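Chemist: Encoded as structure tokens, here's the structure I'll be asking about.
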Amino acid sequence: MSSSFTQAGSISNAALAQLLLNHQQQQRLTRQLKARLPADLALSLQHVNIAKGCLFLYCNSASWAWQLRFEQAHIRALAKQLQWPSFRDIKLRLMTPDSEPGPLRSVKVPAQPIIDIIHDAGKAQPDAALGQALTRLSTTLARLHKQKAG
1 MSSSFTQAGS ISNAALAQLL LNHQQQQRLT RQLKARLPAD LALSLQHVNI
51 AKGCLFLYCN SASWAWQLRF EQAHIRALAK QLQWPSFRDI KLRLMTPDSE
101 PGPLRSVKVP AQPIIDIIHD AGKAQPDAAL GQALTRLSTT LARLHKQKAG
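So in this note's numbering, spot 134 of the sequence shown is number 134, and the numbers just go up one at a time.
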């Protein structure tokens, strides 16, 4: 039976050296960019890599990745100034936790008098959008309360 996997002992020193060089370059790019970004953006940036003509920026939050989109011109200028390898595009990626999702938590539905207070507050609310949101919330909570009770 043949295997497409390379056994760890058969990897050449040259291949390991190339992997190490790539890793060191990625760490250097990450450090350089983080040092030149605003502090809040730098904290969210987890990793930088240039591959296949693209600069990949890995963030830990979608909202910070969105903010990085507005820094693309600045990042391109920095890359040119720092003499990074050339790239055509900048692509943003999210790094999600590798952990398994936690156990499902049950919803704590308030007692009916509390649901009634939320409903009444929604009806009395002068702000139409807030009133509608409170009314919808009370309707959902009432439905969940009935399901839990029945």
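C-beta: ideal position from N, C-alpha, C; glycine also.
Since the structure is predicted, the reported quantities are computational estimates derived from the model, not experimental observations.
Exposed or buried, Ile115, counting other C-beta atoms within 10 Å across all chains shown (16 or more means buried)?
Modeler: buried
Chemist: Can you give me the start and stop residues for the beta strand (DSSP E) that Ala51 sits inside?
Modeler: Looking at the DSSP string, the run of the beta strand (DSSP E) that includes Ala51 is 45-51.
Chemist: Any idea if Leu55 is buried or exposed, counting beta-carbon neighbours within 10 angstroms, 16 or more meaning buried?
Modeler: buried
Chemist: Any idea if Ser86 is buried or exposed, counting beta-carbon neighbours within 10 angstroms, 16 or more meaning buried?
Modeler: exposed
Chemist: Leu21 to Gln27, Cα distance in whole Å?
Modeler: 10 Å
Chemist: For the region 70-84 against the region 116-124, are there 3 or more C-beta pairs whose distance is under 8 Å?
Modeler: The region 70-84, when compared against the region 116-124, does not touch it at the 8 Å Cβ threshold.
Chemist: Look up Phe70 in the DSSP assignment and give the residues it is bridged to.
Modeler: Looking at the DSSP assignment, Phe70 forms no beta bridge with any residue, so it has no partner.
Chemist: State buried or exposed for Leu37, treating a residue as buried only when at least 16 other CB atoms are found within 10 Å of its CB.
Modeler: Buried, by the Cβ-count rule.
Chemist: Sort Lys123, Lys148, Leu57 by Cα distance to Ala111 and report the nearest one.
Modeler: Lys148
Chemist: Quick check on DSSP: helix, strand or coil for Asp89?
Modeler: strand
Chemist: Buried or exposed: Trp66, going by 16 or more other Cβ atoms within 10 Å of its Cβ?
Modeler: exposed
Chemist: Does DSSP classify Leu33 as helix, strand or coil?
Modeler: Residue state, collapsed to three classes: helix.
Chemist: For Lys91, I'd like the list of residues in its chain whose CB is within less than 6 Å of its CB, leaving aside the five on either flank, ordered along the chain.
Modeler: Cys54, Phe56
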